[in-house]
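Trainee: Okay, here's the structure, questions in a sec.
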Amino acid sequence: MIDPKEGFHWLLKKLPISSLNLRLDFDLFSRPHYAYCIYQACYIAQKLSLTKISAIEFGVAGGNGLKAIEAIVEEIEIATGVEVEIYGFDSGKGLPKPEDPRDLPYIWQQGFFAMDENALRQTLKKSALVLGDVKDTVADFVTKYQPAPIGAVFHDLDYYSSTVAALKLFECENKYLLPRVFCYFDDIMSSNIGIISESVGQLCAIKEYSQQHDNRKLEKVNGLNYIRYFPSRWNDQIFVLHCFDHPLYSNYIHPDLDRQLKLQSCGAWLIVNS
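Read in order, the letters of the sequence shown are residues 0 to 273 in numbering that gives the first Met the number 0.
Right, here's the structure in full:
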């Protein structure tokens, strides 16, 4: 029997819904996790009076994710008034040779997910490709590109070692970061063969990053699936970098300017709770 909620979601995907908020709430983008992270980052930027942010994808491969980001950004820029720079990191040659058992060489191998650079460049509208060994490209990224504050990062480098290198991006100065950076990690969900845990792969890199930094913590967004209309696998793959030392971290951004819970009369309480 078809789950009524799943059937309704399928129907929504077939309808020409133009409202950005509805499409965000109902996961109607081809990559709803990308849309969620970019929109949340733009919301924070808007509340902090910032006019521009950066979105980054680590692990471009064929380029489908980068193209999805470009399409999403077109809509969100119009809705929020926040411009989004897009950067795609990749070796350009597929996965490198695994260098650590925690890279999961039993499921990933050198040369997987290669890029056709020429074909991809011809289709990109605004994304900048940052090609080379991630250890090197991350090291000089902010100096070379002077990016707008980074607000959304999509991690799909597969390996533990490559993710460790990518997370060094978060050691840059606060001016290159939003106070909270939304991150999606593609390779933290398990399979019967992958058997992912916090001792291997991306989860291990995430755990170590938070252990090694006092003022910056990379943590999963707890309970996200409970506030989504259609709970999904990607809800468990969203993390946020909290930059406690960021000068804008404590700036109030809630849409309600005054939040109070007034005492209700006994009659009102009975009506509400009946």
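Where a beta carbon is used, it is the ideal one built from N, C-alpha and C, also for glycine.
Would you be able to state if there are at least three C-beta pairs under 8 Å between the segment 98 to 116 and the segment 154 to 168?
Mentor: yes
Trainee: Rounded to whole angstroms, what's the CA-CA distance from Gly80 to Thr50? Just pull it up for me.
Mentor: Their Cα atoms are separated by approximately 7 Å.
Trainee: Please determine if the segment 80 to 90 and the segment 128 to 142 are in contact, where contact requires at least 3 C-beta pairs separated by less than 8 Å.
Mentor: Touching, yes, given that three or more Cβ pairs across the two stretches are closer than 8 Å.
Trainee: From Leu47 to Leu65, what distance separates their C-alpha atoms?
Mentor: Counting only the Cα atoms, Leu65 lies some 26 Å from Leu47.
Trainee: Use the C-beta contact count for Phe25: other C-beta atoms within 10 angstroms, 16 or more gives buried, fewer gives exposed.
Mentor: buried
Trainee: Looking at the strands, I want to know which residues DSSP matches up with Cys182.
Mentor: DSSP lists Val152, Phe238 as the beta-bridge partner residues of Cys182.
Trainee: One question on the structure: do Ala67 and Tyr33 come within less than 9 Å of each other, judged by their Cβ atoms?
Mentor: Yes, the Cβ-Cβ distance between Ala67 and Tyr33 is below 9 Å.
Trainee: Does Gly150 pass the burial test, meaning 16 or more other C-beta atoms within 10 Å, or should it be called exposed?
Mentor: buried
Trainee: Does Arg227 come out as helix, strand or coil in the three-state DSSP assignment?
Mentor: coil
Trainee: With DSSP as the reference, label Lys167 as helix, strand or coil.
Mentor: helix
Trainee: Flag this pair as yes or no: are the beta carbons of Lys174 and Pro148 separated by less than 9 Å?
Mentor: Contact check for Lys174 against Pro148 passes: the beta carbons are separated by less than 9 Å.
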